[in-house]
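Here the UniProt record's numbering is used: the first residue of the sequence shown is 1, the next is one more, and so on.
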Amino acid sequence: MEYLKLVSIVIPCYNDKDYIEESVNSALSQTYQNTEIIIVDDGSNEATKKILSSFNHKKVKIITQENKGLSAARNVGIINSNGDYIVTLDADDIFENSFLEKAVPILNLKPDIGVVGCFSNYFIKRDKIIGKNCPTGGNIDSFLFRNNTMASSLFRKKCWYDAGGFDEKMKKGYEDWEFWISVTKQNWEVFVIEEFLFNYRKKENSMLQITNLLYEEENYYYVLNKHKELYTRDFDKTIDFLQRRTLRYKSNELKRLSSVDYRLGNMVLRPLRFFKKCISSLFAN
């Protein structure tokens with residue numbers, strides 16, 4: 001029956017022993033009940049495997065593999081899924097109970113829409129919300145220069161096939177954004193429910209924070225080159241985007257150089273630099 005289509009909830013898990021139970025429970029607690037839950041153990045440690053072995057529910061299936069990264073784990077889960085609709089859930093994030101109940105009918109009734117997201121809360125603990133994200137969805141033009149829906153959006157399995165799956169070469173973040181670009185360039189639309197139905201956990205030293213610090217430029221370079229036909233088509237917008245990023249970096253660098261911490265650090269290190277210079281000159285002679 002159209003309105004009872006199976007939804008496959010794919011949960012990649014890598015060393016998430018402290019959070020995986022809460023995430024799985026949020027999947028099991030969905031008011032839309034025609035679901036299956038596929039946990040992909042992506043080479044987790046023994047402590048996490050012990051938690052996973054405790055799950056005993058007819059809806060839950062666990063697949064174990066060596067560590068291959070988030071994109072590969074998602075793809076394996078989807079390959080082994082039975083649902084027409086898919087949603088990926090990171091093992092430390094949480095759905096509100098009514099997300100699928102509100103998202104599934106949109107895909108049922110609107111054949112041009114391939115993806116349904118919602119607004120998200122950023123949290124540390126469930127009772128401590130530290131931020132909000134209100135994306136707008138849209139078509140390919142809405143995704144060229146930013147990720148415009150949440151990672152755990154509901155999508156048709158056909159979208160995954162059309163996009164060629166999650167890019168397994170991307171192991172340093174931004175795989176969600178690239179996937180939505182690949183989906184929307186196939187003329188699928190993304191709809192966003194304007195309700196806070198998803199909770200994204202912000203952790204110290206999280207993947208997103210590390211990505212932003214270390215691999216942001218590398219990821220942008222990869223995405224822009226992979227989809228270069230899109231960015232050359234809108235060349236003026238691409239130049240404007242890159243220019244704004246350059247100006248932002250310059251502004252941040254000026255703030256850093258003028259900060260009290262930077263100046264104080266220079267004062268502390270100045271004698272050490274002088275000493276190092278003297279030692280180098282002594283040995284040079």
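Here a beta-carbon is modelled for each residue, glycine too, at the ideal position from N, C-alpha and C.
Using a threshold of 7 Å, state whether the C-beta atoms of A103 and I11 are closer than that. What you label residue 103 is simply residue 103 of the sequence shown in a count that begins at 1. What you label residue 11 is simply residue 11 of the sequence shown in a count that begins at 1. Their beta carbons are not under 7 Å apart, which means A103 does not touch I11 by this criterion.
According to DSSP, simplified to helix, strand and coil, what is T48? Along the sequence shown, one-based indexing puts residue 48 at 48. Looking at T48 - three-state DSSP - the assignment turns out to be helix.
Report the three-state DSSP secondary structure of K102 (helix, strand or coil). Against the sequence shown, residue 102 aligns to sequence position 102. Note: K102 maps to helix in three-state DSSP.
List the DSSP bridge partners of G77. Within the sequence shown, residue 77 is the residue found at index 77, counting from 1. Answer is none; G77 lacks a bridge partner.
Give me whichever residues DSSP pairs with S120 in a beta bridge. In the sequence shown, counting from the first residue as 1, residue 120 sits at position 120. S120 is bridged to N133 and F198.
Under the three-state reduction of DSSP, which class applies to K110: helix, strand or coil? Sequence index remark: in the sequence shown, residue 110 carries index 110 (1-based). DSSP places K110 in coil when its eight states are reduced to three.
Only counting the same chain, and skipping five residues up and downstream in sequence, which positions put a Cβ closer than 6 Å to that of I193? Reading the sequence shown from its first residue, position 193 is the one you call residue 193. Here the set comprises K102 and C118.
Using C-beta distances below 6 Å, list every residue in its chain close to V115, excluding the 5 sequence neighbours before and after it, in chain order. Your numbering for residue 115 matches position 115 in the sequence shown. The answer, listed in chain order, is S153, F155 and V190.
C-alpha distance - L214 paired with I94, whole-angstrom precision: Taking the first residue of the sequence shown as 1, we reach residue 214 at position 214. Taking the first residue of the sequence shown as 1, we reach residue 94 at position 94. Going from the Cα of L214 to the Cα of I94 covers about 27 Å.
Leaving out the 5 sequence neighbours to the left and right, which residues in its chain are closer than 7 Å to V76 when beta-carbon positions are compared? Indexing the sequence shown from 1 puts residue 76 at position 76. Answer for V76: V40, I63 and Q65, listed in chain order.
Any heavy atom of the ligand MG closer than 6 Å to the CB of K58? Of ligands this structure carries none, so the ligand MG is not represented either.
At what residues does the alpha helix (DSSP H) containing K230 begin and finish? In the sequence shown, counting from the first residue as 1, residue 230 sits at position 230. The identity of residue 230 in the sequence shown is Leu, whereas the question assumes Lys. First-last of the alpha helix (DSSP H) with L230: K228 to R233.
Work out the CA separation of K59 and K5 for me, nearest whole Å. One-based indexing of the sequence shown puts residue 5 at position 5. One-based indexing of the sequence shown puts residue 59 at position 59. About 15 Å.
Using only alpha-carbon positions, find the residue among D18, K61, N139 and N56 that is nearest to E46. Residue 46 sits at position 46 when you count from the first residue of the sequence shown. Checked all of D18, K61, N139 and N56; the closest Cα to E46 is D18.
Please report how far the alpha carbon of Y262 lies from the alpha carbon of T136, in whole angstroms. By one-based count along the sequence shown, residue 262 stands at place 262. By one-based count along the sequence shown, residue 136 stands at place 136. Caution is warranted here: a pLDDT of 48 is assigned to Y262, below 50, making its placement in the model unreliable, and the coordinate value is therefore given only provisionally. Their Cα atoms are separated by approximately 38 Å.
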